[in-house]
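Heads up, the sequence shown is in our numbering, so the first residue is 207 and it goes up one at a time.
Backbone N, C-alpha and C fix where the C-beta goes; we use that ideal spot for every residue, glycine too.
Here the structure is laid out as structure tokens; the discussion comes afterwards.
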Amino acid sequence: RYGLVDITSFRRRLSLALRIIIVALLIAALAGAQVVLGSHLLTVIFAIDVSKSLTAKQREAAIAFVNQAAKEMRRFHRAGVIAFGGDALIEKLPSVKLELKTITSIPTTQYTDIAAAIRLAMATFPPHTQKRIVLLSDGGENSGDALREAIVAKSHNIPIDVVPLAGHELPEVVAEKLVMPNEVKKGEPFQLRITLKSNVSTNAKVRLFRDNTFLRSVNVTIDAGTKVIVLSDELKRPGFHTYEIKVDPETDAEDANNRLMGFVLVRGKPKVLYVESEPTAAKYLLSALEEEDVDVDLVPAERMPSRVTDLENYEAIILSNVPASSLTDKQLQQLYSLVTDMGIGLVVIGGEQSYAMGAYQNTPLEKVLPVDMRVRQRRVIPRTAIVMIMHSCEFPGGNQWAATTAIQVVRMLNPMDLVGMLYYDFQKGNTWLFPLQKAGTPSNRRRLIALIKQFMAGDMPDFDSTLKMAYSSLKKSRAQAKHIIILSDGDPTPPTTPVLKAL
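Right, dumping it as structure tokens:
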């Protein structure tokens, strides 16, 4: 047996060196160290565009380029082929000897998705080789994001070379857009606007179908650019209808983009509300409307619907010789809103009780009509002063009737006219609700109307006292026409003879 003492100095140094090497290797293994050797192997993936934007000659040129490039590659390099259009397919897996006679893969050809080709190429590369993508295309990308995939390839140290294939634009006519109303009335003519785009001048037949039934066709000449064709139709049957446009050009590369679809809803025959102060006078217009297949609801003013939901069902409203006093403030405002906000038609027929004579001035009805209610020759119109005497009317709706009448008087006066109102108060006796004053601006009229709506007249014992107050006030005014209007149920003691003679 030998101890360390008996080992020669050489053997001791050798033993120490081996131990150090073993420890170093163990540390390197535990640390995951590895030796990276640069590879001289190269794999090239040729991605060939076979979409419809390329001609057969261009595809043949691409195949020839691939075969020539493969011949010039070193004998231990590999090459593969991908064919792409709207998607990408492997035509040839990477191999040392590549020979491409034709392309047998059949991707979709309506689109050009270069990004799909780059993704498939990166997935096709074998490991442990250098990688390169050669893209043969006209660059007419219309699907995907090639730039984004190119950035991903760069991050993996995969260069992309591009071999441009000179594009040849095929003759193409595209039916781009059909514009038509969503909803029409029964028997109402409407238009169908067809927009065509073309890169070539050609002739075409445009066929129109409704509910899968051929209606008619037109022959058109299409120049390069945009052309709009207008067709018309009308429908008698209510309900949902479909329209289809088919364009048949003499010269066109793709017919899948030559069809358009549209839909329209036909409402039933138009419905009109006819409000007539004298229903017997409506027969002529009523007869004419019915001859035009219009559904008419004829009502007197007092039966005009008061709810917006009822009025919304009509295409138009006719007011024939209807005074503003026959409609409530709410109805007048509703008419204004229906016309301005909802587009419902309004026809106002003149008469002895409409327009200026119907007290339309300073009402929502005046605002919506294209008519000035003021009489232009003001120099021949006398200034008017009116005092109204309000008495409690003890019959159903009497006080409402009196207030409505008084409000209409205020509304129909000219700004320079004078108006005042007297009534009986149980504490103050006969008193002014508002003294004789100019009707003035719209804001002042609204203030007077608000006072009329808010107050409650008392049961007046007699008319003498209020008539004397009205007479005294009117006598002081410079108005040429002076009036006293009594709104009463006739219950107070009638005016005495001396008072009447003084008036």
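For the set Ala-609, Lys-707, Ala-494, Pro-395, the Cα lying nearest the Cα of Arg-443 is the one of Pro-395. With a cutoff of 9 Å on beta-carbon distance, Ile-692 and Met-594 are scored as near each other.
Between Lys-477 and Asn-519, the C-beta gap is smaller than 9 Å, which places the two residues in contact. With fewer than 16 other Cβ atoms inside 10 Å of its own Cβ, Ala-270 counts as exposed.
According to DSSP, Pro-455 shares a beta bridge with Ala-410. With respect to Asp-367, Asp-255 sits apart: the two C-beta atoms are not nearer than 9 Å. Taking 9 Å as the cut-off, the beta carbon of Asn-636 is found closer than this to the beta carbon of Thr-672. Straight across, the Cα-Cα distance linking Val-514 with Pro-698 is about 41 Å. Taking 9 Å as the cut-off, the beta carbon of Ile-400 is found closer than this to the beta carbon of Val-436. Under the criterion of beta carbons closer than 8 Å, Ala-294 and Ala-323 qualify as touching, at roughly 5 Å. Scanning the segment 633-663 for uninterrupted beta strand (DSSP E) segments of 3 residues or longer gives 635-644, listed from N- to C-terminal end. In the three-state reduction of the DSSP assignment, Met-627 falls in the strand class, which pools E and B. Only residues of its own chain outside the window of five on either side were considered, and among them Val-256, Ala-289, Phe-290, Gly-291, Gly-292, Asp-293, Ala-294, Leu-295 have a CB closer than 7 Å to the CB of Pro-313, listed in chain order. By the neighbour-count criterion, in which a residue is buried when 16 or more other Cβ atoms sit within 10 angstroms of its Cβ, His-362 is exposed. Under DSSP, Tyr-480 shares a beta bridge with Leu-504, Ile-524. In this structure, the alpha-carbon of Ile-228 lies about 47 Å from that of Leu-304.
Secondary structure at Arg-284: strand, using DSSP grouped into helix, strand and coil. Sixteen is the threshold: when 16 or more other Cβ atoms of the shown chains lie within 10 Å of the Cβ of Ala-591, as they do, the residue is buried. Contact between the segment 444-459 and the segment 412-419 is present: three or more C-beta pairs spanning the two stretches fall below 8 Å. Between Phe-640 and the set Leu-353, Val-302, Asn-650, the nearest pair of CA atoms involves Asn-650. In the DSSP assignment, Gln-540 forms no beta bridge with any residue. Every beta strand (DSSP E) stretch that sits fully inside the segment 291-371 and reaches 3 residues is listed by chain position as 294-301, 336-343, 366-370.
Ranked by how close their Cα comes to the Cα of Thr-261, the residues Pro-365, Leu-371, Leu-421 have Leu-371 in first place. In terms of Cβ geometry, Arg-281 and Leu-248 do not form a close pair [threshold 9 Å]. Remark: C-beta atoms of Asp-319 and Glu-347 approach each other more closely than 9 Å. Membership of Asn-425 in the beta strand (DSSP E) is indicated by the continuous run 419-428.
Take the alpha-carbon of Thr-647 and the one of Thr-702: they are about 37 Å apart. Asn-418 counts as exposed, since fewer than 16 other C-beta atoms from the protein chains shown sit within 10 angstroms of its C-beta. Contact annotation: Glu-600 and Leu-471 have beta-carbon atoms that are not nearer than 9 Å.
Remark: C-beta atoms of Lys-258 and Gln-336 do not approach each other more closely than 9 Å.
If you check the CB distance, Ala-253 and Leu-342 come in under 9 Å.
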